[in-house]
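Undergrad: Here it is, the structure in full.
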Amino acid sequence: MPKSDVHPHPHETDPNWFASWFNTPYYHILYKDRDYEEAQLFMDNITAYLNLPEDAKILDLACGKGRHSVYLNTLGYDVTGADLSKNSIAEASKLSNDKLHFEVHDMREPFEQKFDAIFNLFTSFGYFESDDDNAEALRAMRDSLSEYGFAVIDFMNVTKVLQNLVPEETKTVEGIDFQIRRYFEDDHIFKDISFTDGGKDYSFTEKVKALTLEDFTQMMDEAGIFLLDVFGDYKLHKFHPKESDRLILIFK
């Protein structure tokens, strides 16, 4: 998408910006070095903590190219990976097997199938323009759980993120210089990403609602969801607003 098609001002961010940015190859290039060992440790810990039955049905919600889904499947679970990005799901589907399925899905819609566990990993919540949509995504998770099922939202710890927000940096990946600018405005954390590739200028803006534990608690109360536990990192230590790296919520 050339620069001219993108609104430079954050207030005019396309409400469905994530549908286009997450569909580009550049999104995957920029984030390709995300720590998957850490993610695997988390999945080992959380599946043990939830004491899931061996044949549990797990939904990996907003699964991207499905790397976590694949790992959960190697642990023996029956996994469905769902994501809004058609390109990501097309890529992930190459990895499917009898107990690993992928589908294009909007997280605001509940699933007909019920799951023993729903995982929403790596801050893939809070992207919608309206609070109603975020609340709807939460209700859809609730309605997609089996009677004894658990859902897990792995979100950033907003308090710590805001304390350590790096306003500007350049990341070079695969020969592309990604200029990144971060700022906090209107209860959202924005990340402007611009770069040039093949003589073309590109620019995208990520925008995530800065949801705190209090915000989640209120949303969950309103949705009739029972918040069971809150952890602050992938080793499942207690949550501390100032120190914890993550905000991990377990609910049913």
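First residue of the sequence shown? That's 14 in the numbering used here, and the numbers climb one at a time after it.
Ideal placement from N, C-alpha and C gives every residue a C-beta, glycine not left out.
Quickly, what does DSSP pair glutamine 192 with across the bridge? List them, please.
TA: Walking along the sequence shown from the start, residue 192 turns up at place 179. BP columns for glutamine 192 point to Thr183, Ser207.
Undergrad: Can you tell me whether asparagine 133 is buried or exposed, with buried defined as 16 or more other CB within 10 angstroms of its CB?
TA: Along the sequence shown, read from residue 1 onward, the residue named residue 133 stands at position 120. Flag for asparagine 133 reads buried.
Undergrad: Between which two residues does the alpha helix (DSSP H) holding phenylalanine 55 run?
TA: Counting from 1 along the sequence shown, the entry for residue 55 is found at position 42. 49 to 63 is the span of the alpha helix (DSSP H), which, as asked, contains phenylalanine 55.
Undergrad: Note down the Cα distance separating histidine 253 from glycine 245, rounded to an integer number of angstroms.
TA: Residue mapping note: residue 253 aligns to position 240 of the sequence shown, counting from 1. Residue mapping note: residue 245 aligns to position 232 of the sequence shown, counting from 1. Computed Cα separation, rounded: 6 Å.
Undergrad: Please tell me whether glutamine 231 and serine 207 are closer than 8 Å, where the distance is taken between their beta carbons.
TA: Indexing the sequence shown from 1 puts residue 231 at position 218. Indexing the sequence shown from 1 puts residue 207 at position 194. Their beta carbons are not under 8 Å apart, which means glutamine 231 does not touch serine 207 by this criterion.
Undergrad: Is the segment 34 to 45 touching the segment 110 to 119, taking contact as three or more C-beta pairs under 8 Å?
TA: Segments in contact, no.
Undergrad: With a threshold of 8 Å, are at least 3 pairs of Cβ atoms found where one atom belongs to the segment 81 to 88 and the other to the segment 45 to 61?
TA: The segment 81 to 88, when compared against the segment 45 to 61, does touch it at the 8 Å Cβ threshold.
Undergrad: If we ignore side chains and look at the alpha-carbon of each, how far apart do glycine 211 and arginine 194 end up?
TA: Indexing the sequence shown from 1 puts residue 211 at position 198. Indexing the sequence shown from 1 puts residue 194 at position 181. Using only the alpha carbons, I get a separation of about 22 Å.
Undergrad: Helix, strand or coil: which one does DSSP assign to glutamate 219?
TA: Taking the first residue of the sequence shown as position 1, residue 219 is located at position 206. Residue state, collapsed to three classes: strand.
Undergrad: To the nearest angstrom, how far is it from the Cα of phenylalanine 124 to the Cα of threonine 183?
TA: Residue numbering aside, residue 124 sits at position 111 when the sequence shown is read from its first letter. Residue numbering aside, residue 183 sits at position 170 when the sequence shown is read from its first letter. Approximately 40 Å between the Cα atoms of the pair.
Undergrad: So the candidates are Asp242, Glu256, Asp258; which of them puts its Cα closest to the Cα of isoleucine 59?
TA: On the sequence shown, position 46 is the one that residue 59 refers to. When each option's Cα is compared against that of isoleucine 59, the closest is Asp242.
Undergrad: Strictly under 8 Å for the Cβ-Cβ distance: is asparagine 177 near chain D by that measure?
TA: In summary, chain D is missing from the structure at hand, where a single protein chain is found.
Undergrad: Near lysine 99, what residues of its chain come up, given a Cβ to Cβ distance below 6 Å and the 5 sequence neighbours on each side ignored?
TA: For the purposes of this step, residue 99 is identified with residue 86 of the sequence shown, where counting begins at 1. Only Val117 meet the Cβ criterion.
Undergrad: Mind checking who threonine 37 pairs with in its DSSP beta bridge?
TA: Residue 37 sits at position 24 when you count from the first residue of the sequence shown. Partner(s): none; threonine 37 has no beta bridge.
Undergrad: So which of Leu88, Asp46, Gly77 has the shortest CA-CA distance to serine 101?
TA: Residue mapping note: residue 101 aligns to position 88 of the sequence shown, counting from 1. The candidate whose alpha carbon is nearest that of serine 101 is Gly77.
Undergrad: Under 8 Å, do alanine 223 and valine 179 count as touching if we go by C-beta distance?
TA: As a first step, residue 223 must be located in the sequence shown, where it is residue number 210. As a first step, residue 179 must be located in the sequence shown, where it is residue number 166. The answer is no: Cβ separation not under 8 Å.
Undergrad: Less than 6 Å between C-beta atoms, sequence neighbours within five positions excluded: which residues of the same chain meet that for isoleucine 166?
TA: Taking the first residue of the sequence shown as 1, we reach residue 166 at position 153. Counting only Cβ-Cβ distances below 6 Å, and skipping sequence neighbours, we find Asn133, Phe138, Leu262.
Undergrad: Just curious, the beta strand (DSSP E) that aspartate 242 is in, first and last residue?
TA: The residue given as residue 242 occupies position 229 in the sequence shown. Start and end: 240 to 244.
Undergrad: Taking the continuous alpha helix (DSSP H) assigned at alanine 150, which residues delimit it?
TA: As a first step, residue 150 must be located in the sequence shown, where it is residue number 137. That run of the alpha helix (DSSP H) goes 144 to 156.
Undergrad: Which same chain residues, not among the five before or five after alanine 105, have their C-beta less than 6 Å away from its C-beta?
TA: Taking the sequence shown and counting its residues from 1, one reaches residue 105 at position 92. Once the five neighbours on either side are set aside, the close Cβ partners of alanine 105 are Lys78, Gly79, Gly94, Phe115.
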